[in-house]
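Going by the numbering used here, the letters in the sequence shown line up with residues 104 to 382, in that order. Beta carbons: idealized from backbone N, C-alpha and C, even for Gly. Note that the coordinates shown come from a computational prediction; the quantities given were computed from them, not determined experimentally. These notes are about the structure you will find just below.
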Amino acid sequence: MKLTPELIERSLSFINAVKDRELDLRASLPVDHFIVNMWEKGRVLALKILVYQRQDQNDTIDLTDNDIRVLGNFPLLRRVRTLLLANNRITRIDPQLSEFLPNLTTLVLTNNNVSELSDIDPLSGCSSLQYISLLDNPVTRKQWYRSWIIWRIKSVRVLDFKRIRDVERKEAKQLFEASKGEMTSLAKSISEVASKTFEPGEGLIPSKGANLPKSNLPTLGMSLEEQNKIKEAIRNAKTLEEVTRLEKLLQSGHIPGTRSIGEIGQGESQIDEDDEMES
């Protein structure tokens with residue numbers, strides 16, 4: 104099954120047992136299809152439609168039992184407080200996650216593939232994050248695992264279903280923070296260890312993009328200008344029909360720009376004509 108605007112539109116949204124509105128996307132996504140790479144054709148549009156169609160009306164999103172590998176590339180979802188992501192294959196967390204989920208309070212990552220303590224660092228920007236589960240991840244077997252999370256994510260109150268005590272916070276601070284607030288040598292050594300995880304599209308970046316930030320690099324040879332055109336087109340899409348047409352345009356290999364962004368959602372004639380020329 105493919106994650107499409109139509110799938111999200113017909114997915115069950117309900118009031119759960121804790122009185123939150125929940126969007127159920129459990130076991131809905133195929134391998135390598137969800138949030139693998141932001142610029143892989145039009146796949147990011149499937150998440151963008153959460154804003155346009157659901158209008159950010161869910162408190163909880165259940166993405167359990169899928170094949171997600173990278174946690175990131177969400178649209179701005181101010182209402183979402185809980186992400187359920189158990190039983191996926193997540194190895195990496197987007198450093199910008201906190202910008203798009205500013206009120207994230209609960210994150211369940213049970214049974215994923217997070218392997219290094221430094222892989223958790225992006226969560227330090229989530230100032231509202233209070234409840235985390237990383238049970239059955241390789242990282243839980245690392246020395247200093249619990250202390251590192253307590254120190255890096257200071258808002259956390261419960262880790263792996265165990266409440267964090269004040270004595271643990273003091274011990275973590277002594278381990279990783281020097282007298283002037285600087286990192287100790289132990290903390291620096293942990294931060295420098297990077298995950299040896301293959302990134303989809305790694306090594307395929309054209310030389311012209313070598314100076315761009317990694318998070319913004321395309322894997323299909325797109326320039327920065329082309330990326331900006333796509334971003335603007337996504338922002339301007341207001342209806343399901345517009346997003347579907349834009350997705351078709353991107354998947355056919357076209358980049359918005361030969362006409363104004365506002366015209367992308369107007370009719371399918373131009374897309375059809377372009378497709379005929381290619382055939």
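Can you tell me whether residue 282 is buried or exposed? The criterion is at least 16 other CB atoms within 10 Å of its CB, across all chains shown.
exposed
Reference residue 384; option with closest CA among 295, 188, 241
The structure shown has nothing for residue 384, since the chain only spans 104 to 382.
Helix, strand or coil, according to DSSP, for residue 237 in the structure here?
coil
What residue range is occupied by the uninterrupted alpha helix (DSSP H) comprising residue 267?
Note, residue 267: premise wrong, no alpha helix (DSSP H); not H, not E.
Note down the Cα distance separating residue 250 from residue 219, rounded to an integer number of angstroms.
14 Å
For residue 209: DSSP bridge partner residues
185, 234
Distance between residue 222 and residue 180 (C-alpha atoms, nearest Å)
23 Å
For residue 126, count neighbouring C-beta atoms within 10 Å of its own C-beta (all shown protein chains included) and say buried if the count is 16 or more, exposed if not.
buried
In whole angstroms, what separates the C-alpha of residue 267 from that of residue 159?
31 Å
Tell me the DSSP secondary structure of residue 193 in three-state form.
coil
Whose C-beta lies closer than 8 Å to the C-beta of residue 256 among residues of the same chain, with five residues either side of it excluded?
223, 226, 227, 229, 232, 235
Residues near residue 119 in its chain [Cβ-Cβ closer than 6 Å; skip 5 each side]
125
Do you know how far the Cα of residue 289 is from the Cα of residue 305?
Because the pLDDT of residue 305 is 45, which lies under 50, any placement of that residue in the model is unreliable, and the number read from its coordinates should be weighed accordingly. Their backbone Cα atoms lie some 30 Å apart in a straight line.
In terms of DSSP beta bridges, what is residue 125 paired with?
117, 163
Residue 262 by DSSP, collapsed to three states: which one?
strand
Inter-residue Cα distance where the pair is residue 115 and residue 339:
26 Å
Which same chain residues, not among the five before or five after residue 216, have their C-beta less than 6 Å away from its C-beta?
192, 194
Residues near residue 248 by beta carbon distance below 7 Å, same chain, minus five either side
220, 242
With distance defined between alpha-carbon atoms, name the residue in 130, 123, 279, 284 nearest to residue 209.
123
Start and end residues, alpha helix (DSSP H) containing residue 290
288-294
Rounded to the nearest angstrom, how far is the Cβ of residue 252 from that of residue 261, given a contact under 8 Å?
Rounded, the Cβ-Cβ distance is 11 Å, inconsistent with contact.
Quick check on this structure: which residue in 117, 112, 113, 166 has the alpha carbon closest to the alpha carbon of residue 128?
166
Based on Cα-Cα distance, which residue from 271, 200, 240 lies nearest to residue 190?
240
Go to residue 250, then tell me how far its alpha helix (DSSP H) extends in each direction, as first and last residue.
248-255
Take residue 171 as the anchor and find which of 294, 186, 182 has the nearest alpha-carbon.
186
For residue 285, report the span of its alpha helix (DSSP H) as first-last.
Careful: residue 285 lies outside any alpha helix (DSSP H) and carries neither H nor E.
Can you check whether the CB of residue 183 is closer than 8 Å to the CB of residue 391?
Nothing can be reported for residue 391, as the shown portion of the chain is limited to 104 through 382.
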